[in-house]
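So the sequences go chain by chain: X and L. Counted the way our numbering counts, the first sequence spans residues -10 to 265. Counted the way our numbering counts, the second sequence spans residues 258 to 578.
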Amino acid sequence: MRAKATKALLMVPVLLYTAFSAGPYLWTAMMSLRTTDEIYKNHYGLPVPPHFWKFVTAWTEFGYATYFKNSAIVTVTAVAIITVVGAMAGYGFARRRFAFPWREPLFLMLFLSIMFPPQIMILSLFQILIKYGLFNTLAGLIVVYVATELPVTIYLLRAFFAQIPQELEEAARIDGCTDWSMFWRVMFPIARPAVATTMILNFIYFWNEFLYAVVFITKQEIRTLPLAIQFLVSDQYFDIGMLATGLMIATLPVLVMYLFLSEWFVKGMTAGAVKG
Amino acid sequence: MRIGPPETIPKVTATVGDVRAAVPRARRPWGAIGLFLGPALFFYFAFIIYPVLVTFYNSVHTLRMDLGMTYEFVGFQHFNEILSADDVFWRAARNSMTWAVVAPIVDIPLALVLAFILHGKVPFARFFRTVWFTPLLMSYPVVGVIWLWVYNYDWGMANLVLRAVGLGEYAQAWLASPTTALPALILVTTWMFAGFNMVVMLAAIHAIPMEYLEAARVDGAGPWHRLFHIVVPLLRPTMVNLAILDFIGKMKQFALVWVMTRGGPMWGTETVATYVIKRAFEWKTLDLGYPSAIAVLWFVIIFGLSVGLTRFLQRREALEF
């Protein structure tokens, strides 16, 4: 009896925190289905009837199709590149066979750069991108994204590759595997869980990244979603309803995936926490 | 010194590999090494190490963007000016530091209590965990806009709740006053990160042998006793790690400020990160040298503090659970 009362009592802070945690987003979700006029009459009304057409309007008339496409191009390309480059490097840093004199200090340096604040690179990256014609291009943004997330990606994958037993490598070598085919046919498939973790981590980071986008992108037609939202806040300050719809468009892809793969997301985000 | 991950298994295999690999030492597979490490090292040196060095170089020059990036050597003049005459920098540094110190003090205990409650077999624990983690998956601009609305004076959720519980006289324009704006922003990062910290601590609590908690229960220790005398001491390493991560993350805070307040009102939420960007691209000084010097200064402080705190608190690996 007492245990039951305690449990009920425990639910009070749990529900309070849940209201705090989910409230603002649910409120935004409701506003995304209401017109701005309806919202100004009552900010907390239910979306009855729901105006799903607002998503179409935002997509076609307010440029979200373009911004979404830009974000998708940057995110998918950067994730693909960093996964291949990072996995190869993680493997190269992990295995005994590839040891060379300066490898461990090099890895330590790579590890320490996980903690670098972006400000220490961003102004000179600005100069460098201008110099090589990469300023104001999605390609430039992709290159910067890959470079800045590489250290943490290599760090996580190296830890995984280091755990694969030596015997497996030797068996594959006896079967005639070269280093290259060994990596792609044996090691990379084994590392799939770790690779998936870093892919999710990097996907979320790239999809949401803001600082580099603000500095390196000034043309409207190549804005990514986070950048576009920052501009739309000032442009349509009073059109709350449409802005709420835009916020949903920017977050729903990630949240829907999270719904199905929540364990993977949690794993990926916590693994990436080394970054700080 | 080795800061790599302390996996136990690879150490064993590594020694085994050592013995075998020791024989044909002469033939290193340089081709394969270049193939596997080459692309990553290209990205790393071209877009991280080289820019860092350039920033250091820029910090002792003035670098006029309007004059075709012409360099003029000025020595430590920028550093002198930052430390002795730049009030905005000191204000920004104080704000960043406040954020970095207050956030862990709020986030970590809150997350600990939430994790302990969820551990206590609350129904739908998985559901709550999933919901609380969600804010971390949104970008800062999205979070920023949502919270601009939450803090709206007339119809925002914050004032709505205050009025509903009879504290209406405290309702105010939270982001309009220099004294309340920074705490308001700190609360937003708590909203984002408490769930994440909770998840990590929950995993750490699950790793505590059940016998410890059972034995304490049998001995008549109440939940608070179990929390403070068993869970907290055993979770200390995890909490220290999370606190350091939180600290470093807040020292770098840029995006939320940029979207919500732009550093205002009256420098009340200016952070070092936003000040660097403002000095580089918004103020009409058109000099990249001065903001580079701020960046170098802040880099040295962050890096020194993170390495120092890490070693001081004997954090051997980032997160272990």
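Note that beta-carbon positions come from the ideal geometry of N, C-alpha and C, so glycine has one too. These figures come from a predicted structure and were not determined experimentally.
With a floor of 4 residues, list each alpha helix (DSSP H) that falls wholly inside the stretch 318 to 348 of chain L, ordered by position along the chain. 334 to 342
C-alpha gap between X/Ala11 and X/Cys166, whole angstroms: 52 Å
In this structure, how does DSSP classify L/Asp503 when only helix, strand and coil are distinguished? helix
Between the Cα of L/Asp411 and those of X/Leu(-1), X/His32, X/Ile62, spot the shortest distance and give me the residue it belongs to. X/His32
Only counting runs of 4 or more residues, tell me where the alpha helix (DSSP H) segments fall wholly within the stretch 173 to 223 of chain X, in order along the chain. 181 to 197, 200 to 205
For the alpha helix (DSSP H) that contains L/Val475, what are its first and last residues? 467 to 475
Restricting to Cα atoms, I'd like to know which of L/Leu502, L/Ala473, L/Trp404 is closest to L/Val488. L/Ala473
Going by DSSP in three states, X/Asp228 sits in which element: helix, strand or coil? coil
Residues in the stretch 438 to 451 of chain L with C-beta within 9 Å of chain X's C-beta atoms, listed in sequence order? Trp448, Ala451
What are the complete alpha helix (DSSP H) segments, minimum 4 residues, inside the stretch 367 to 413 of chain L? 382 to 390, 397 to 407
L/Thr355 in three-state terms, based on DSSP: helix
Residues of chain X with a CB under 9 Å from the CB of L/Asn315: which are they? Leu112, Ser113, Gln116
When the Cβ atoms of the stretch 231 to 240 of chain X are set against those of the stretch 146 to 153 of chain X, are three or more pairs found closer than 8 Å? no
So does the stretch 532 to 551 of chain L actually touch the stretch 380 to 390 of chain L, counting three or more Cβ pairs closer than 8 Å? no
In or out: L/Asn337 buried (at least 16 other Cβ within 10 Å) or exposed? exposed
Where does L/Met395 land, buried or exposed, given buried means 16+ other C-beta within 10 angstroms? buried
Here's a check: name, in chain order, each residue in its chain whose Cβ is nearer than 7 Å to the Cβ of L/Trp406, leaving out the five neighbours to either side. Gly413
At which residues does the alpha helix (DSSP H) containing X/Ser60 begin and terminate? 53 to 83
For X/Asp164, three-class secondary structure by DSSP: coil
Among the residues of its own chain, which have a CB less than 6 Å from the CB of L/Asp364, if the five just before and after it don't count? Thr447, Phe450, Ala451, Asn454, Asp503
Residue-level contact to chain X via CB, L/Tyr410, 8 Å cutoff: no
Exposed or buried, which one is X/Ser223 when buried takes at least 16 other CB atoms within 10 Å? exposed
Pairing CB atoms from the stretch 178 to 197 of chain X with CB atoms from the stretch 105 to 115 of chain X, are three or more of them under 8 Å? no
Going by the DSSP bridge assignment, what does L/Asp544 pair with across the sheet? L/Arg321
Partner residues on chain L for X/Tyr80, Cβ-Cβ distance less than 8 Å: Phe293
Using a Cβ cut-off of 8 Å (strictly closer), state whether X/Ala69 contacts chain L. no
Buried or exposed: where does L/Gly401 fall if 16 or more other Cβ atoms within 10 Å of its Cβ makes it buried? buried
Helix, strand or coil for X/Gln155, going by three-state DSSP, please let me know. helix
Exposure of L/Lys509, with buried meaning 16 or more beta-carbon neighbours within 10 Å: buried
Residues within the stretch 385 to 403 of chain L neighbouring chain X, beta-carbon criterion of under 9 Å: Phe385, Arg386, Thr387, Val388, Trp389, Phe390, Thr391, Pro392, Leu393, Leu394, Met395, Ser396, Tyr397, Pro398, Val399, Val400, Gly401, Val402, Ile403
By how many angstroms is the C-alpha of X/Thr64 removed from the C-alpha of X/Phe249? 20 Å
Buried/exposed call for L/Ala421, threshold 16 Cβ in 10 Å: exposed
Using only alpha-carbon positions, find the residue among L/Leu292, L/Pro286, L/Phe569, L/Ser549 that is nearest to X/Trp173. L/Leu292
Cα-Cα separation between L/Ala278 and L/Ala372, rounded to whole angstroms: Because the pLDDT at L/Ala278 is just 48, under 50, the model does not fix this residue reliably, and the value given afterwards should be weighed accordingly. Whole-angstrom Cα-Cα distance: 47 Å.
Can you list the residues of chain L that X/Pro39 reaches, using a CB-CB cut of under 7 Å? Correct list: empty, because the minimum Cβ distance to chain L is about 19 Å.
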